[in-house]
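This report refers to the structure that appears directly beneath it.
Numbering (my numbering), first residue to last: -19 to 253.
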C-alpha cells in the first residue's frame, strides 16, 4: 500500500499539464499523442492541427520570447537544440525544459517516444511509431540503386541557390532504407546549397521537389517542374520529377508517415519510367 502511494505521488509530482512547444514538429507530436489540450503556448508557424493556430504565440522558431514563455507559467518547455541558451535561462528560473533532436530518422522516433513518456502517453507513442515503421517498410526495394535528389524550396529558375537534403537529415535515412542512394553524397550536413552545374554533375535519377505552401504563392506544379526538364540529367529524360506541396513536407513530426506514403508513390511511378 505504501509503495502504491509513493508511485502515485511520483507520477503526480512529475505531471506536466502546461506545455510550451517551441517548434511546429514538437507541437504536432504532442497533438498526435492526444495531448494538445496541455499546450499553453507554441510558435508562430505552429498551424497544424487547426486548434494549434489558436494557442498563444511566443515568437518564431529562432526568436522565441523569454518573457512570453514565462508569462504562460509552463510546467515544461520542449524545444530543439537551437534553443540551448534559452533552455539555460529557463532552467535558472526554475522552469523545466526538454531538448529534443529531430534531424535523423532515429531522432524523430526517439523524440516521439520521449515526449510520450514525459506526457504519460506511452501507448499512443507506440501506436504512432508502429505506423511509421509500417510506412517505412512499404518503401523498401520498390526500385533499387537509384540516385534520388530532394530539393527544398520554390525554384522557378535554376540559376540561383538550390537547397537540397544532404547528410544528417531524415530524408537521407529514408532514401537509404528504400534501397537507393542520396544523389548528394558530399559530407556536408543539413541543407547544402548547390547550383545548376552541381545538379548536372550529380545526374540524379529521381528528383523530389518539396514546395509547401506552393498554392499560397500562386504556383502550380508545372511551374516548378519545367525548369528541371531542360537539364541534361536522367530524371529529366525519364520525367521522374515530382512535387510535394503539402504543408507537412519538411516537418519532422508524426506526419512523416504521410511523406512516406508520397515517397512510395514516387518510387512506384519511377519504376515504370
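Cβ atoms here follow ideal geometry from the backbone N, Cα and C, with glycine treated the same way.
Computed from a predicted model, the values in this text were never measured in an experiment.
Reference residue 243; option with closest CA among 137, 151, 67: Of 137, 151, 67, the smallest CA-CA separation from residue 243 is found for 151.
Using a Cβ-Cβ cutoff of less than 8 Å, which residues in the same chain neighbour residue 20 once the five nearest sequence positions on both sides are dropped? Result list for residue 20: -2, -1, 0, 35, 36, 52, 53, 54, in chain order.
What's the C-alpha gap between residue 2 and residue 94? A direct Cα-to-Cα measurement between residue 2 and residue 94 gives close to 16 Å.
Backbone CA spacing between residue 136 and residue 146 [nearest angstrom]: Those two C-alpha atoms are separated by around 21 Å.
Among residues of its own chain, excluding the 5 on either side of residue 133, which ones have a beta-carbon nearer than 6 Å to its beta-carbon? The answer, listed in chain order, is 143.
Close-in-space but distant-in-sequence residues of the same chain around residue 14 (CB under 8 Å, 5 per side omitted): Cβ contact annotation for residue 14 (same chain, cutoff 8 Å, sequence separation greater than five): 101, 104, in chain order.
Pull up the distance between the alpha-carbon of residue 239 and that of residue 47, whole angstroms please. Rounded to whole angstroms, residue 239 to residue 47 spans 36 Å at the Cα level.
How far does the beta strand (DSSP E) with residue 176 in it reach, from first residue to last? Here residue 176 belongs to no beta strand (DSSP E); instead the alpha helix (DSSP H) covers 176 to 182.
In the DSSP assignment, find the unbroken beta strand (DSSP E) run with residue 49 in it and report its ends. No beta strand (DSSP E) holds residue 49; the alpha helix (DSSP H) holding it covers 46 to 51.
Using a 10 Å radius around the Cβ and a threshold of 16 neighbouring Cβ atoms, would you call residue 164 buried or exposed? Around the beta carbon of residue 164, 16 or more other beta carbons sit within 10 angstroms, so the residue counts as buried.
Pairwise C-alpha distance: residue 63 and residue 257: Residue 257 lies beyond the range of the chain shown here (-19 to 253); nothing can be said about it.
With 16 as the cutoff for other CB atoms within 10 Å, does residue -5 come out buried or exposed? With fewer than 16 other Cβ atoms inside 10 Å of its own Cβ, residue -5 counts as exposed.
Alpha carbon to alpha carbon, what distance is there between residue 117 and residue 68? Taking the straight line joining both Cα atoms gives about 39 Å.
Cβ-Cβ separation, residue 122 to residue 247 (assumed contact under 8 Å), whole Å: Residue 247 to residue 122, Cβ: 4 Å. Contact.
Entirely enclosed alpha helix (DSSP H) segments - the region -4 to 44, minimum 4 residues: Complete alpha helix (DSSP H) runs here, min 4: 4 to 12, 30 to 33.
Using the rule of at least 16 other Cβ atoms within 10 Å of the residue's Cβ for burial, across every protein chain shown, is residue 184 buried or exposed? By the neighbour-count rule (16 or more Cβ atoms within 10 Å), residue 184 is buried.
Along the beta strand (DSSP E) that carries residue 195, what are the first and last residues, could you check? Residue 195: not part of any beta strand (DSSP E); DSSP gives it neither H nor E.
Nearest-angstrom Cα distance between residue 249 and residue 130? Distance between the alpha carbons of residue 249 and residue 130 is about 16 Å.
In terms of residue numbering, what span does the alpha helix (DSSP H) encompassing residue 151 cover? Segment 150 to 157, the alpha helix (DSSP H) holding residue 151.
Whole-angstrom C-beta distance between residue 195 and residue 225, which should lie under 8 Å: Between residue 195 and residue 225 the Cβ distance is about 7 Å, and since that is below 8 Å, they are a contact.
What would DSSP say about residue 237, mapped onto helix, strand or coil? The answer is helix: DSSP assigns residue 237 an H, G or I state.
Less than 8 Å between the CB atoms is what I'm expecting for residue 269 and residue 149, so what's the real figure, rounded? Outside the modelled stretch of the chain, which goes from -19 to 253, sits residue 269, for which no answer is possible.
Tell me residue 77's beta-bridge partners as DSSP assigns them. Looking at the DSSP assignment, residue 77 forms a beta bridge with 57.
Report the option in 77, 253, 160 whose CA atom is closest to the CA atom of residue 125. Ranking 77, 253, 160 by Cα distance to residue 125 puts 160 first.
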